[in-house]
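K.L.:
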């Protein structure tokens, strides 16, 4: 642990240790005093008042069915079971009646609970807590969760530091525990406690390095196609070889040049032998994994267009500095593997309707950092975001229907706004 953080946590612990219980019970068959148990999917949450509550027939997720029920571990009603089918984000959450001060548990404390994964072959889970309006921390558990499926009850112990980032305020936590489920699955939870000291038996990513640590995209909705797409892109790259003049590298916004943007792609970029290497959901570490596993090997394009990072923001509310570090790491890898290619780094596109949208503001902070990555020799930066926005800074659903992904008109705007910078780089490569 960094010395500064350790010192801060030690001070907090010394002040609050005497008053804080050695074990803080979050759920032991019932929620904290005046608290409640809730379940949600994409719409408003429902409270578990009886033995079972179900969410189904939602306008935004008509095929999703989510059920939360009381169940048993040591007795008939001391556990909770979350069942979810075709869910985007099914959440079992424990809401505390009064804000909980978790600072005394930060220095050496743990979050411990019992879990029984009954089914998860088509789903994923994550464990979360909410530490404020703009503070939600999550530990993904899809891969180890699937390994636990069908093995009965297991006791998990996480260091509380798995959920903490520098600057977080844990003094008044109102949702001290939650389980997210996506896809389809069933998981039960019991005996959720915070303990002043403990020995973790479960690991978590280091939030300071996850963006630069290469990894596949392990989400319930991606795990069945992501590796296959990578293999297909390797074959496509081999077929194009050095005939590819432009390579687009990114996330779902780049991926959809093959969908919503296809008419524009065929007209503007296909004649140049362009290659689309966008993967829906990718964060910086997933793009890096693909580069390290050969996606640009054998290519020698004139220009590589890079635009990604919004999933670091959307899925992790990540510190802009670590997202920027992930982008820089990918640039470094590209320069090593494509030494003759000019890199056109685009600002992360706007998201959210209003200029003050929380996630858009994070992306803008990333953009302010990555603009400095341009050296005007091999790396060039372009911010075309204003082309997507109205005069007052709002983003229209006429361009991005979900306020994140462009429609065909959005891809027209992208191509038009980027054209001057791209033409300049292509022309320079011909000299």
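Numbering (this note's numbering), first residue to last: 236 to 666.
Glycine included, every Cβ here is placed at the ideal spot set by N, Cα and C.
For clarity, every value in this text was computed on a predicted model and none was experimentally measured.
Tell me the rounded alpha-carbon separation between residue 471 and residue 622.
P.N.:
On the chain shown, position 236 is the one that residue 471 refers to. On the chain shown, position 387 is the one that residue 622 refers to. If I take the Cα positions, the gap works out to 32 Å.
K.L.:
Look up residue 265 in the DSSP assignment and say whether it is helix, strand or coil.
P.N.:
Locating residue 265 in the chain shown gives position 30, where the first residue counts as 1. The answer is coil: DSSP assigns residue 265 none of H, G, I, E or B.
K.L.:
Where in the stretch 510 to 598 do unbroken runs of the alpha helix (DSSP H), each at least 4 residues long, occur, reported from the N-terminal end onward?
P.N.:
Here the runs fully enclosed are 519 to 527, 545 to 551 and 555 to 572.
K.L.:
May I ask you to report which of helix, strand or coil DSSP gives residue 405?
P.N.:
Residue numbering aside, residue 405 sits at position 170 when the chain shown is read from its first letter. Residue 405 falls in the coil class under three-state DSSP.
K.L.:
Please state whether DSSP places residue 429 in a helix, a strand or coil.
P.N.:
The residue you call residue 429 lines up with position 194 of the chain shown. Residue 429 falls in the strand class under three-state DSSP.
K.L.:
State whether the stretch 597 to 607 contacts the stretch 540 to 554, with contact taken as three or more CB pairs (one from each stretch) at a distance under 8 Å.
P.N.:
At 8 Å Cβ cutoff, the stretches touch.
K.L.:
Alpha carbons only, please: which of 641, 323 and 265 is nearest the one belonging to residue 454?
P.N.:
Position 219 of the chain shown, counted from the first residue, corresponds to residue 454. Answer by Cα proximity: 323.
K.L.:
For residue 525 and residue 411, I'd like the C-alpha separation in whole angstroms.
P.N.:
Locating residue 525 in the chain shown gives position 290, where the first residue counts as 1. Locating residue 411 in the chain shown gives position 176, where the first residue counts as 1. Their Cα atoms are separated by approximately 36 Å.
K.L.:
Run through DSSP, which three-state label would residue 607 get?
P.N.:
Numbered from its first residue, the chain shown carries residue 607 at position 372. Correct three-state label for residue 607: helix.
K.L.:
Look at residue 527 and residue 587 and say whether their C-beta atoms are less than 8 Å apart.
P.N.:
As a working note, residue 527 is residue 292 in the chain shown. As a working note, residue 587 is residue 352 in the chain shown. Contact flag unset, no.
K.L.:
Pick helix, strand or coil for residue 648, following the three-state DSSP scheme.
P.N.:
For this step, residue 648 is matched to residue 413 along the chain shown. Correct three-state label for residue 648: helix.
K.L.:
In its own chain, which residues sit with a C-beta less than 8 Å from the C-beta of residue 604, not counting the 5 before and 5 after it?
P.N.:
Mapped onto the chain shown, residue 604 falls at position 369. The residues are 555, 556 and 559.
K.L.:
Among 267, 606, 658 and 553, whose alpha-carbon lies nearest the alpha-carbon of residue 370?
P.N.:
Walking along the chain shown from the start, residue 370 turns up at place 135. That would be 553, whose Cα lies nearest to the Cα of residue 370.
K.L.:
Across which residues does DSSP place residue 367 in a beta bridge pair?
P.N.:
As a first step, residue 367 is located in the chain shown; it is residue number 132 there, counting from the start. Residue 367 is bridged to 370.
K.L.:
Could you have a look at residue 640 and say whether DSSP puts it in helix, strand or coil?
P.N.:
Indexing the chain shown from 1 puts residue 640 at position 405. Looking at residue 640 - three-state DSSP - the assignment turns out to be coil, as it is neither helix nor strand.
K.L.:
Classify residue 591: buried if its beta carbon has 16 or more other beta carbons within 10 angstroms, exposed otherwise.
P.N.:
The sequence position of residue 591 within the chain shown is 356, counting from 1. Classification for residue 591: exposed.
K.L.:
According to DSSP, simplified to helix, strand and coil, what is residue 487?
P.N.:
Translated into the one-based positions of the chain shown, residue 487 becomes position 252. Reduced to three states, the DSSP call for residue 487 is helix.
K.L.:
Could you tell me which residues DSSP puts in a beta bridge with residue 423?
P.N.:
Position 188 of the chain shown, counted from the first residue, corresponds to residue 423. Answer by DSSP bridge pairing, in chain order: 316 and 351.
K.L.:
May I have the straight-line CA-CA distance separating residue 479 from residue 338, to the nearest angstrom?
P.N.:
By 1-based counting over the chain shown, the position of residue 479 is 244. By 1-based counting over the chain shown, the position of residue 338 is 103. Between residue 479 and residue 338, the C-alpha separation is close to 54 Å.
K.L.:
Ignore the nearest five residues each way along the sequence and tell me which others in residue 390's own chain have a CB closer than 6 Å to its CB.
P.N.:
To locate residue 390, count along the chain shown from 1; it is residue 155. Excluding positions up to five away in sequence, the list reads 349.
K.L.:
Here's the rule I'm using: 16 or more other beta-carbon atoms within 10 Å means buried, otherwise exposed. How should residue 423 be labelled?
P.N.:
Indexing the chain shown from 1 puts residue 423 at position 188. Under this definition residue 423 is a buried residue.
K.L.:
Taking the straight line between their C-alpha atoms, what separation do you get for residue 541 and residue 308?
P.N.:
Walking along the chain shown from the start, residue 541 turns up at place 306. Walking along the chain shown from the start, residue 308 turns up at place 73. Roughly 50 Å separates the two Cα atoms.
K.L.:
Assuming residue 523 and residue 564 make a contact with CB atoms under 8 Å, what is their CB distance in whole Å?
P.N.:
As a working mapping, residue 523 is identified with position 288 in the chain shown. As a working mapping, residue 564 is identified with position 329 in the chain shown. That belief holds up - the Cβ atoms of residue 523 and residue 564 are roughly 6 Å apart, short of 8 Å.
K.L.:
For the structure I just gave you, are there three or more beta carbon pairs, one from the stretch 264 to 273 and one from the stretch 311 to 331, closer than 8 Å?
P.N.:
Result yes; three or more Cβ-Cβ pairs closer than 8 Å.
K.L.:
Just tell me which of 438, 536 and 294 has its CA closest to the CA of residue 477.
P.N.:
As a working mapping, residue 477 is identified with position 242 in the chain shown. The shortest Cα separation from residue 477 among 438, 536 and 294 belongs to 536.
K.L.:
Just how far apart, CA to CA, sit residue 581 and residue 449?
P.N.:
Sequence index remark: in the chain shown, residue 581 carries index 346 (1-based). Sequence index remark: in the chain shown, residue 449 carries index 214 (1-based). Answer to the nearest angstrom: the Cα atoms are 21 Å apart.
K.L.:
Is there contact between the stretch 373 to 391 and the stretch 281 to 298, where contact requires at least three CB pairs shorter than 8 Å?
P.N.:
Too few Cβ pairs lie closer than 8 Å, so no.
K.L.:
Can you tell me whether residue 662 is helix, strand or coil according to DSSP?
P.N.:
Looking up residue 662 in the chain shown gives position 427. Helix.
K.L.:
Would you mind working out which of 418, 502, 513 and 531 sits nearest residue 469, comparing C-alpha positions?
P.N.:
Working through the chain shown from its first residue, we reach residue 469 at position 234. Taking only the C-alpha atoms, the option nearest residue 469 is 531.
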